[in-house]
Structures are given as structure tokens and as C-alpha cells.
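S.K.: Pasting in a structure now, in C-alpha cells, and then I'll have a few things to ask.
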Amino acid sequence: MLWSADLGGVRAGAGAPVRIIAAINLSPESFYKGSVAKTPREALEKAELMASEGADIIDLGAMSTAPYLRTWVSEREEASRLIPAVKLISSHLQIPISVDTHRYGVAKQALEAGADILNDVSGLSDVRLAKLVASEGASLILGARGSVDMGRDPIPQLRRLLSTSLEKAISEGVEEGKVAVDPLIGFFRGGERPWHEWDVEVLRGLYRIKVLGRPVCVGVSRKSFIGAILGLDRPEDRLYGSIAAAAVAVYCGADVVRTHDVRETLHAVRVAEAIRGSLKAVKAGSVECYVLPPLLEGDALELFTRIGCHPVGSTIMSRKARHYILLLKGVSSPVANVLKQEMLAAGGEAAIPAVALVGGRQLHDVVVMGTRSQLERVVEKLKLNAKYAETLSGDFTQLAEAIEKAAELKR
0 MLWSADLGGV RAGAGAPVRI IAAINLSPES FYKGSVAKTP REALEKAELM ASEGADIIDL
60 GAMSTAPYLR TWVSEREEAS RLIPAVKLIS SHLQIPISVD THRYGVAKQA LEAGADILND
120 VSGLSDVRLA KLVASEGASL ILGARGSVDM GRDPIPQLRR LLSTSLEKAI SEGVEEGKVA
180 VDPLIGFFRG GERPWHEWDV EVLRGLYRIK VLGRPVCVGV SRKSFIGAIL GLDRPEDRLY
240 GSIAAAAVAV YCGADVVRTH DVRETLHAVR VAEAIRGSLK AVKAGSVECY VLPPLLEGDA
300 LELFTRIGCH PVGSTIMSRK ARHYILLLKG VSSPVANVLK QEMLAAGGEA AIPAVALVGG
360 RQLHDVVVMG TRSQLERVVE KLKLNAKYAE TLSGDFTQLA EAIEKAAELK R
């Protein structure tokens with residue numbers, strides 16, 4: 000099923016509530032000291048509390064992955080922190096355990112010790128991890144890692160990275176139905192754009208990552224982009240910003256939220272989830288049908304390509320996928336009538352006031368509804384009218400320019 004995954008026995012994505020992953024750090028060097036458990040016993044106590052507060056999954060990390068900190072420890076040290084905690088928690092709690100590591104040796108020991116999910120922020124930089132997950136029948140959370148252009152739209156770039164890792168996982172035998180993807184908020188820095196603006200744009204476009212057909216996991220808890228927005232240097236001061244960011248992430252499409260503060264975050268997530276509503280999916284016999292959120296042209300192009308459409312056809316169809324509704328003000332009666340006829344001829348529609356049908360030169364409000372492709376054809380017709388309409392030439396030119404700018408038809 001699209002947008003649905005079995006994460007350690009917990010169903011996430013379509014048809015399931017937004018899931019909460021509780022983060023416990025076993026690394027003293029972690030950026031948020033409030034998340035650190037110094038001993039396996041302390042980790043168990045934290046896990047018990049978080050489970051009682053509503054966590055669906057416990058995530059354990061023994062080496063911080065914050066890109067702006069020097070947090071490297073040896074593989075032996077990471078394993079010595081992680082494995083005892085995995086064993087203790089798995090023997091005391093009936094809750095899936097995720098391990099945050101990109102090292103094969105550590106991951107192997109953790110899965111053998113009782114972990115159910117590999118949370119790999121490296122995007123399978125070591126392909127042996129995919130083989131390990133497949134052989135153990137484990138679940139996988141794939142992080143987006145690789146080179147990006149910080150000055151460009153982040154979503155297509157993150158999809159590219161995630162798609163490559165997803166294909167790698169499937170080719171090595173990982174069940175697609177056990178994989179979720181993570182755009183890795185806070186991991187991309189440098190370049191023209193301030194990193195916190197990148198993170199904000201990623202959160203705004205989370206629903207566009209769903210083109211990959213996998214549930215989207217996101218971690219915003221106490222992260223530095225919240226500090227940059229609020230002017231708060233200390234992670235300890237970012238609780239309220241974290242709650243707000245988690246709610247927005249859910250509203251924008253997140254299926255799984257990773258947090259250090261389960262109770263507070265869960266309340267915000269449930270409210271955001273109720274307002275957002277669920278992805279509509281129906282099944283009739285062997286046929287499944289999903290109502291997709293609005294997609295940009297590039298999103299649609301990738302979707303068509305993923306289902307196997309011809310590249311040329313995909314490009315043509317993608318220009319029809321995005322639907323625009325434009326409110327135009329100050330359109331004269333004769334121009335409004337021409338606009339309506341041209342929109343109808345192109346396969347779109349234009350709503351004009353009844354009084355505009357009787358003629359005159361009054362100015363009106365008009366609502367135009369159509370795809371990018373339809374608007375492009377109509378703009379060309381309006382420009383053609385401007386050449387021959389004499390007294391109405393300026394009106395047609397201004398209308399064409401307004402539609403062209405609003406729909407960003409020129410590139």
C-alpha cells in the first residue's frame with residue numbers, strides 16, 4: 000500500500016495515526032543534554048516514561064550525528080554504549096526499538112540484540128546495511144544524504160537522494176513496505192541560502208516528498224533552525240518552538256515525528272492531524288485509489304516517471320497536472336468575454352459577472368481556472384488579440400502579463 004510502512008510492527012502512514020518516535024541519546028556529546036541517558040538503566044527509565052506518554056517507537060543513538068558538532072567516536076565505543084541499552088529495553092518493554100547508526104558492525108550487533116528498525120542518516124552509504132536489514136527482516140528509516148545546491152528548491156533534490164537510496168535498498172532485498180524516508184532537517188548547510196531557510200522550505204513542502212510513495216518521517220525537536228528563528232542558542236529553551244514545528248510538519252504531510260518531548264509533542268500532533276485530515280484511499284477489489292495532494296509540475300513529472308510513463312509524455316502531462324485558480328481584478332467587459340471564450344476553447348474555465356455579458360467598458364472581477372498548459376495557450380491568444388484589437392490592445396496586453404506573472408509561466 001502506498002504511503003504505508005511496517006516499522007517494527009507499527010503501521011505508519013496511510014490509514015494509521017501519525018506515529019511518535021521517542022529519541023534517547025546515549026552519547027554525552029549530543030547537542031541536547033536533556034535527551035542523554037548515561038547508563039542502560041537510565042535509558043530504560045526514559046523509555047518506560049516515554050512509552051507511558053504515548054511513544055510508538057523508541058529510537059536509540061550512541062553517536063551524535065549533528066553536522067555542526069565534533070562528535071565522532073570509535074565503532075567500539077558506539078557499540079559499547081548502544082548494545083547494552085538495546086538488550087535491556089527490549090527485554091523489559093514491548094515496544095519497537097530503532098537504532099540510529101550508519102555503521103554496519105554496530106547495526107548488526109543492535110539488530111541481533113533486539114532492535115527492530117535501522118535509522119540510517121547516511122542514506123545507505125554502506126550498501127551492506129541494506130543487505131543486513133533485508134536478512135534480518137528489519138524495518139528501515141532512510142535519511143537523505145548527498146550533495147545539494149542550497150540555492151535551489153530543496154524538495155526535488157531531496158527526492159533524488161531518497162529515491163537513489165530507496166532503489167538501492169529494494170535491489171538488496173529490503174521490503175519497500177518496511178521503509179520510511181526522512182529529509183533530515185538540520186543536516187544540510189553551506190551555500191547561498193541560510194540553512195534555517197532551507198529547513199523551513201523543506202517542512203513547507205513535506206507533502207511533495209510523498210511522490211516517492213513512502214511515509215515521511217521528520218525530526219525537528221530542539222533543532223538549531225528553531226533557535227535561528229527564535230534567537231535561542233540553548234536547545235533547552237526550544238520546547239515551544241519544537242512543538243509548533245512538529246504541528247506544522249504534520250499539517251504539511253509528516254507521517255512520523257521524532258521527538259525528545261513525547262507528551263507535549265503528541266498533543267500538538269493530534270490537533271494538527273485532526274485539522275489536516277487523512278489521505279483519502281479507497282479499495283475496490285484489486286484496485287486501490289488515492290486522492291493526491293496538489294502537486295507542482297516537477298512533482299507530477301517525477302510521479303509519472305516513477306510509474307513508467309514515457310519521458311516525452313511525462314513532460315507534456317506534467318504541464319497539465321498543476322491547476323491554477325486566479326482572481327483577476329480590473330478586467331473590462333469585452334476583454335472578460337474574450338477571456339472566457341479562450342479559456343473554454345483551451346479546456347479551462349473563466350467565471351465572469353453576468354453584467355459583463357451585456358457589454359460596456361466597466362471593470363470586473365474574473366476568476367480563471369485552468370492548468371499551466373491551458374493558461375499558456377490563453378496567454379498567447381491574448382497577446383495575439385493585443386496586436387489587432389486597437390483600442391483594447393493595452394487591456395489585452397496587461398491581462399496577458401498579469402496571468403503570465405501570477406502563474407510564473409515565463410522561466
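Mapped onto numbering that gives the first Met the number 0, the consecutive letters of the sequence shown carry residue numbers 0 to 410. By construction, the Cβ of each residue, glycine as well, lies at the ideal position given by its N, Cα and C atoms.
1) Rounded to the nearest angstrom, what separates A50 and V199 at their Cα positions?
2) How would you call T264, buried or exposed, if buried means at least 16 neighbouring beta carbons within 10 angstroms?
3) What are the residues that DSSP puts in a beta bridge with H363?
4) Among residues of its own chain, excluding the 5 on either side of V132, which ones have a beta-carbon nearer than 6 Å to its beta-carbon?
5) With C-beta atoms as the reference, is G122 less than 8 Å away from S164?
6) Near G212, which residues of its chain fall below 6 Å by C-beta distance, leaving aside the five closest residues on each side in sequence?
7) Could you check what DSSP says for K282 in three-state terms: helix, strand or coil?
8) Give the straight-line distance between the Cα atoms of A406 and E341, rounded to the nearest whole angstrom.
9) Any C-beta of chain C sitting closer than 8 Å to the C-beta of R321?
10) Taking 8 Å as the threshold, find out whether the region 250–267 comes into contact with the region 9–21 through three or more Cβ pairs.
11) Nearest to F30 by CA position, among D5, A61 and L43, is which residue?
12) Going straight from the alpha carbon of V210 to that of P293, what length do you get?
13) Whose CA, out of R127, I56, L25 and S392, lies closest to the CA of P83?
14) For the pair the region 293–307 and the region 315–323, tell me if three or more CB-CB distances fall below 8 Å.
15) Taking the DSSP output, what are the residues bridged to R18?
16) Check whether the region 242–255 touches the region 217–226, taking contact to mean three or more Cβ pairs, one atom from each stretch, closer than 8 Å.
17) Under a three-way DSSP split, which group does A106 fall into?
18) Just verifying my parser: in three-state terms, what is the DSSP assignment at V219?
19) Under the three-state reduction of DSSP, which class applies to H322: helix, strand or coil?
20) Whole angstroms is fine: what's the gap from P352's alpha carbon to V365's?
21) Return the CA-CA distance between V72 and R158, expressed in angstroms with no decimal places.
22) According to DSSP, is R10 part of a helix, a strand, or is it coil?
23) Considering only the alpha carbon of each residue, which of T70, A345, R75 and I57 lies closest to V255?
24) Do you know how far the Cα of E111 is from the Cα of V85?
25) I'd like the span of the alpha helix (DSSP H) that includes S392, first residue to last.
26) Please classify S170 as buried or exposed, where buried requires at least 16 other C-beta atoms within 10 Å of its C-beta.
27) Shortest alpha-carbon distance to I88 belongs to which of P95, D115 and L43?
28) For a quick check, are the C-beta atoms of R221 and S241 less than 8 Å apart?
29) Could you tell me which residues DSSP puts in a beta bridge with C288?
30) Counting only runs of 4+ residues fully inside the region 67–93, write out the alpha helix (DSSP H) ranges in chain order.
31) Measuring CA to CA, which of L362, H259, I154 and A137 is closest to L6?
32) Compare the Cα-Cα distances from A243 to each of E74, R233 and G226 and report the closest residue.
33) Nearest by alpha-carbon distance to G329: which of L398, K279 and G230 is it?
34) Quick check on this structure: which residue in V378, I208 and S90 has the alpha carbon closest to the alpha carbon of E47?
35) Just verifying my parser: in three-state terms, what is the DSSP assignment at M368?
36) Rounded to whole angstroms, what's the CA-CA distance from V180 to S223? Just pull it up for me.
M.R.: Concretely, from the data shown:
1) For the purposes of this step, residue 50 is identified with residue 51 of the sequence shown, where counting begins at 1. For the purposes of this step, residue 199 is identified with residue 200 of the sequence shown, where counting begins at 1. C-alpha separation (whole angstroms): 29 Å.
2) Stepping through the sequence shown from its first residue, residue 264 is reached at position 265. So T264 ends up on the buried side.
3) By one-based count along the sequence shown, residue 363 stands at place 364. V330, per the DSSP bridge assignment.
4) By one-based count along the sequence shown, residue 132 stands at place 133. Only L117, L139 and V173 meet the Cβ criterion.
5) Position 123 of the sequence shown holds residue 122. Position 165 of the sequence shown holds residue 164. At a Cβ-Cβ threshold of 8 Å, G122 and S164 count as neighbours.
6) Within the sequence shown, residue 212 is the residue found at index 213, counting from 1. So the list reads L1, once near-sequence residues are dropped.
7) To locate residue 282, count along the sequence shown from 1; it is residue 283. Note: K282 maps to strand in three-state DSSP.
8) To locate residue 406, count along the sequence shown from 1; it is residue 407. To locate residue 341, count along the sequence shown from 1; it is residue 342. Roughly 17 Å between the two C-alpha positions.
9) The chain labelled as chain C is not found in the depicted structure, where only one protein chain is given.
10) The count of Cβ pairs closer than 8 Å, one atom from the region 250–267 and one from the region 9–21, reaches three, so the stretches are in contact.
11) Translated into the one-based positions of the sequence shown, residue 30 becomes position 31. Per the Cα distances, A61.
12) As a working note, residue 210 is residue 211 in the sequence shown. As a working note, residue 293 is residue 294 in the sequence shown. Each residue's alpha carbon lies about 11 Å from the other.
13) Residue mapping note: residue 83 aligns to position 84 of the sequence shown, counting from 1. For the residues R127, I56, L25 and S392, the minimum Cα distance to P83 belongs to L25.
14) Yes, since at least three Cβ pairs between the region 293–307 and the region 315–323 fall closer than 8 Å, the two stretches touch.
15) Taking the first residue of the sequence shown as position 1, residue 18 is located at position 19. Note: R18 sits in a beta bridge opposite V255.
16) Counting Cβ pairs under 8 Å, three or more are found: they touch.
17) The count along the sequence shown starts at 1 and reaches residue 106 at position 107. Here A106 sits in helix by DSSP.
18) The residue given as residue 219 occupies position 220 in the sequence shown. It is coil, neither helix nor strand.
19) Locating residue 322 in the sequence shown gives position 323, counting from the first residue. Here H322 sits in strand by DSSP.
20) Along the sequence shown, one-based indexing puts residue 352 at 353. Along the sequence shown, one-based indexing puts residue 365 at 366. In a straight line, the C-alpha of P352 is about 7 Å away from that of V365.
21) As a position in the sequence shown, residue 72 is number 73, starting the count at 1. As a position in the sequence shown, residue 158 is number 159, starting the count at 1. Each residue's alpha carbon lies about 30 Å from the other.
22) Here residue 10 refers to the residue found at position 11 of the sequence shown. Reduced to three states, the DSSP call for R10 is strand.
23) Taking the first residue of the sequence shown as position 1, residue 255 is located at position 256. When only C-alpha atoms are compared, the closest one is I57.
24) On the sequence shown, position 86 is the one that residue 85 refers to. On the sequence shown, position 112 is the one that residue 111 refers to. Rounded to whole angstroms, V85 to E111 spans 10 Å at the Cα level.
25) Translated into the one-based positions of the sequence shown, residue 392 becomes position 393. Segment S392 to A405, the alpha helix (DSSP H) holding S392.
26) Working through the sequence shown from its first residue, we reach residue 170 at position 171. That one is exposed.
27) Against the sequence shown, residue 88 aligns to sequence position 89. That would be L43, whose Cα lies nearest to the Cα of I88.
28) Within the sequence shown, numbered from 1, the residue matching residue 221 stands at position 222. Within the sequence shown, numbered from 1, the residue matching residue 241 stands at position 242. In contact: R221 and S241 (Cβ atoms closer than 8 Å).
29) Locating residue 288 in the sequence shown gives position 289, where the first residue counts as 1. Partner(s): V281.
30) 74–91
31) The sequence position of residue 6 within the sequence shown is 7, counting from 1. Selected option, being the one with the closest Cα: A137.
32) By one-based count along the sequence shown, residue 243 stands at place 244. Comparing Cα-Cα distances from A243 to each of E74, R233 and G226, the minimum goes to G226.
33) For the purposes of this step, residue 329 is identified with residue 330 of the sequence shown, where counting begins at 1. Ranking L398, K279 and G230 by Cα distance to G329 puts L398 first.
34) Here residue 47 refers to the residue found at position 48 when the sequence shown is read from its first residue. Comparing Cα positions, the closest option is S90.
35) Here residue 368 is taken as the residue at index 369 of the sequence shown, counted from 1. Three-state result, M368: strand.
36) As a working note, residue 180 is residue 181 in the sequence shown. As a working note, residue 223 is residue 224 in the sequence shown. V180 and S223: Cα-Cα distance of roughly 21 Å.
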